[in-house]
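Visitor:
Residue numbers (the working numbering): 2 to 74.
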């Protein structure tokens with residue numbers, strides 16, 4: 002493999018976090034744990050992933066509403 006000329010270093014900056022308490026149905030939590038295990042991650046990390054994905058999608062839709070195709074003004 003070719004060695005890159007310049008090495009890229011990823012620098013992550015921790016973000017302020019708050020703890021919350023969340024009631025989740027037992028069967029949903031069991032499913033989250035099963036999916037998380039199959040992805041080799043904690044269920045807490047999986048929940049954060051799902052929240053982040055949904056939030057980004059909702060924010061994108063709120064700033065850029067879908068374009069109606071085939072409709073005339």
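Built from N, CA and C at the ideal position, the CB exists for glycine as well.
1. Would you tell me roughly how many angstroms separate the C-alpha atoms of residue 17 and residue 55, rounded to the nearest one?
2. Tell me which residues share the same chain as residue 48 and place their Cβ nearer than 8 angstroms to its Cβ, disregarding the 5 neighbours each side in the sequence.
3. According to DSSP, is residue 62 helix, strand or coil?
4. State the DSSP-derived secondary structure class of residue 39, mapped to helix, strand or coil.
Guide: In brief:
1. 20 angstroms
2. 33
3. helix
4. helix
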